[in-house]
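Here is the structure we will look at.
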Amino acid sequence: MEAAKTCCCKRSCRFLEFLESSIGKKIMLALAGFLLCGFLIAHLAGNLFMFAGADAFNHYAEALEANPLIPLAEGGLVALFLLHIALAIRAKFANQAARPVDYEVYRGKGARTPGSRTMAMTGALILAFIIIHVATLKFEVGGLKGPDLYAHVTGWLKNPLYAGFYILAVAGVGLHLSHGVQSALQTFGAGHPRYTPMLKKLGLLFAVSIAAGFASLPIYFGWFAPNTTACCAAEEGAQ
Amino acid sequence: MNLTLKVWRQKDAKSPGGLVEYQVSGVSNDMSFLEMLDILNEELVVKGEDAICFDHDCREGICGMCALMIDGQAHGKDKAATSCQLHMRRYQDGDTITIEPFRAKAFPVVKDLVVDRSAFDRIQAAGGFVSVGTGGAVDANCLPVPKQNAEKALDAASCIGCGACVAACPNASAMLFVAAKVSQYALLPQGRPEREKRALAMRSAMDAEGFGHCSNEYECEAACPKDIKVSNIARLNREFLRASVLAE
Numbered sequence: 017m018e019a020a021k022t023c024c025c026k027r028s029c030r031f032l033e034f035l036e037s038s039i040g041k042k043i044m045l046a047l048a049g050f051l052l053c054g055f056l057i058a059h060l061a062g063n064l065f066m067f068a069g070a071d072a073f074n075h076y077a078e079a080l081e082a083n084p085l086i087p088l089a090e091g092g093l094v095a096l097f098l099l100h101i102a103l104a105i106r107a108k109f110a111n112q113a114a115r116p117v118d119y120e121v122y123r124g125k126g127a128r129t130p131g132s133r134t135m136a137m138t139g140a141l142i143l144a145f146i147i148i149h150v151a152t153l154k155f156e157v158g159g160l161k162g163p164d165l166y167a168h169v170t171g172w173l174k175n176p177l178y179a180g181f182y183i184l185a186v187a188g189v190g191l192h193l194s195h196g197v198q199s200a201l202q203t204f205g206a207g208h209p210r211y212t213p214m215l216k217k218l219g220l221l222f223a224v225s226i227a228a229g230f231a232s233l234p235i236y237f238g239w240f241a242p243n244t245t246a247c248c249a250a251e252e253g254a255q
Numbered sequence: 146m147n148l149t150l151k152v153w154r155q156k157d158a159k160s161p162g163g164l165v166e167y168q169v170s171g172v173s174n175d176m177s178f179l180e181m182l183d184i185l186n187e188e189l190v191v192k193g194e195d196a197i198c199f200d201h202d203c204r205e206g207i208c209g210m211c212a213l214m215i216d217g218q219a220h221g222k223d224k225a226a227t228s229c230q231l232h233m234r235r236y237q238d239g240d241t242i243t244i245e246p247f248r249a250k251a252f253p254v255v256k257d258l259v260v261d262r263s264a265f266d267r268i269q270a271a272g273g274f275v276s277v278g279t280g281g282a283v284d285a286n287c288l289p290v291p292k293q294n295a296e297k298a299l300d301a302a303s304c305i306g307c308g309a310c311v312a313a314c315p316n317a318s319a320m321l322f323v324a325a326k327v328s329q330y331a332l333l334p335q336g337r338p339e340r341e342k343r344a345l346a347m348r349s350a351m352d353a354e355g356f357g358h359c360s361n362e363y364e365c366e367a368a369c370p371k372d373i374k375v376s377n378i379a380r381l382n383r384e385f386l387r388a389s390v391l392a393e
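Protein sequence lines, in the order shown, are assigned to chains A and B.
Sequential numbering from 17 applies to the first sequence in this note's numbering.
Sequential numbering from 146 applies to the second sequence in this note's numbering.
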């Protein structure tokens, strides 16, 4: 309120006050998370082309890369991730400062969920995964290079360590979303007695679906897919 | 029954504190938790020791003064009850009970288990009231208030400001308290004229006190002795968002 009194432009100050407030920061954090969920849907939909075969997936990837708006979308995606991470870290520090002396015994009354307890942990796991994921699949770090994207991806997924980490990370995404989606709805102020509980249940279903959808790729291509393309990748692989 | 208590003892706000172990014997099942502490205090006074300081007043769950973190749970193990409503029949002979003060930067320890909760008063003073003239009592049905809104407003108004929401929150957030105080007016016509001003001012006062950020863990709702619902927090988020856009 002090800022509004001393500022030249009340409207812009109100916006700054909103961004600086605990609720405003939480709304921005939730909004970034919500938009990232949109990316997850689009990315999963694209990835599922892998089940349609090498040609379908490679054609999809080429069409996607040919789009001139892709660098803009990638930039926006990186910005969303950075905003989400920065606001989460800032909130974490503010929350630690809000309780400088911790309890000797803290038990709570059972409202916390596995998802809510592990938000920071799953967030860090997802970040680590994204770095490895982008480095290996986009920038071809790690010495593996297939003749096309399908061969390249399946080559990596044949590595049980890589596939195992992929499954662990997408399970982390599911756990993160199990709290994140309903938390975002609450932060946006969704409070209808009939629709909100249903939306929160759908959020849980979304979390499970995203995790299961992404995990289906390393599970199938890591252990169950017929070994047709791994030969190409293995020949080129330096590992 | 005989009990072992581990109680947080702290001489004053500036001195360091720590858990001190006490043995209490002859505790009856019918005693309240605070009566059990009274027994211990009487023994301490007889021995010439300093009595354990703890807040209490009505001892019937109305005033919100008693505020104890009992075995890591705000107001102890019962749901929708204050520390004074907790009875010793909930414990068994030989139990060890840890009692700590509510912990938050905005609730500094005054002595032992007593914390300064005047931060809540300052938030309330920032906007938790109606200052426009709403006239005298109007004829019935002249001012329509839907039944469900009246119920929700009264539920929100049952907040006794004990601070259990802050104590139980992993982030020491005061959102449930502020949400209750904003909701009780936002739901009624008398509170509407100042709804934007109230939401902005109370949010600002809440952050200025140094409470943490709400991360929707809902431990506040589970610990609230008056069963204030987290749907009020969604309403506060809506009210704040609305006020940030619409306020002049």
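Just so you know, even glycine gets a beta-carbon here, dropped at the ideal spot from N, CA and C.
*Determine the direct distance from the alpha carbon of W172(A) to that of K250(B), and round the result to whole angstroms.*
Taken atom to atom, the span from the alpha-carbon of K250(B) to that of W172(A) is near 49 Å.
*So does F247(B) have its beta carbon nearer than 6 Å to some heavy atom of the ligand MN?*
Although the ligand MN was asked about, the structure shown includes no ligands whatsoever.
*asked:* For a test of the three-state rule: what should DSSP assign to H232(B), helix, strand or coil?
replied: In the structure shown, H232(B) sits in a strand (DSSP, three-state: E or B).
*Check whether Q365(B) and C287(B) have beta carbons under 7 Å apart*: It is Cys, not Gln, that sits at residue 365(B) in the sequence shown. Against a cut-off of 7 Å, the Cβ pair of C287(B) and C365(B) comes out as no contact.
_If distances are taken between C-alpha atoms only, which option among F230(A), V189(A), A68(A) and L32(A) comes closest to A136(A)?_
Comparing alpha-carbon positions, the option among F230(A), V189(A), A68(A) and L32(A) lying closest to A136(A) turns out to be V189(A).
*Continuous beta strand (DSSP E) stretch holding I244(B): start and end*: Looking at the DSSP string, the run of the beta strand (DSSP E) that includes I244(B) is T241 to E245.
*asked:* Under 7 Å, Cβ to Cβ, is there at least one residue of chain B near N243(A)?
replied: Cβ-Cβ to chain B under 7 Å: no for N243(A).
_Once the 5 residues before and after A246(A) are set aside, which same chain residues still bring their CB inside 7 Å of it?_
Low per-residue confidence applies at A246(A): pLDDT is 45, beneath 50, and the placement is therefore not dependable, though the value from the model is reported in the following sentence. The beta carbon of A246(A) sits closer than 7 Å to those of T170, G171 and K174, all from its chain and outside the five residues before and after it, given in chain order.
*If contact means a Cβ-Cβ distance below 9 Å, which residues of the region 354-366 of chain B contact chain A?*
Along the region 354-366 of chain B, the positions whose C-beta sits under 9 Å from a C-beta of chain A are G355, F356, G357, H358, C359, S360, N361, E362, Y363, E364, C365 and E366, read in chain order.
*For T149(B), which beta-bridge partners are listed by DSSP?*
Note: T149(B) sits in a beta bridge opposite Q168(B) and T241(B).
_For I39(A) and C53(A), the rounded distance between their alpha carbons_ = So the two alpha carbons sit approximately 21 Å from each other.
*Thinking just about the alpha-carbon of each residue, which of P234(A), A95(A), A104(A) and N243(A) is nearest to the one in G139(A)?*
Selection P234(A), A95(A), A104(A) and N243(A) evaluated against G139(A) yields A104(A) as nearest (Cα-Cα).
*asked:* Quick check: G205(A) and N382(B), are their CB atoms within less than 7 Å of each other?
replied: Taking 7 Å as the Cβ cut-off, G205(A) and N382(B) qualify as a contacting pair.
_Less than 7 Å between CB atoms is the rule here; does F34(A) satisfy it with respect to chain B?_
For F34(A), the answer is yes, since a Cβ of chain B falls inside 7 Å of its Cβ.
*Indicate whether F322(B) and R348(B) have their beta-carbon atoms separated by less than 7 Å.*
No, the pair does not count as a contact, with Cβ atoms beyond the cut-off.
*Report yes or no: do three or more beta-carbon pairs, one from the region 153-163 of chain A and one from the region 96-114 of chain A, lie closer than 8 Å?*
Of all C-beta pairs linking the region 153-163 of chain A to the region 96-114 of chain A, fewer than three are shorter than 8 Å, placing the two stretches out of contact.
*Can you pull the DSSP bridge partners for A151(A)?*
DSSP lists no partner for A151(A).
*Please check if any C-beta of chain B sits within less than 7 Å of the C-beta of T203(A).*
With 7 Å as the cut-off, T203(A) counts as an interface residue toward chain B.
*asked:* Less than 7 Å between the C-beta atoms of R248(B) and V117(A), yes or no?
replied: Less than 7 Å separates the beta-carbon of R248(B) from that of V117(A).
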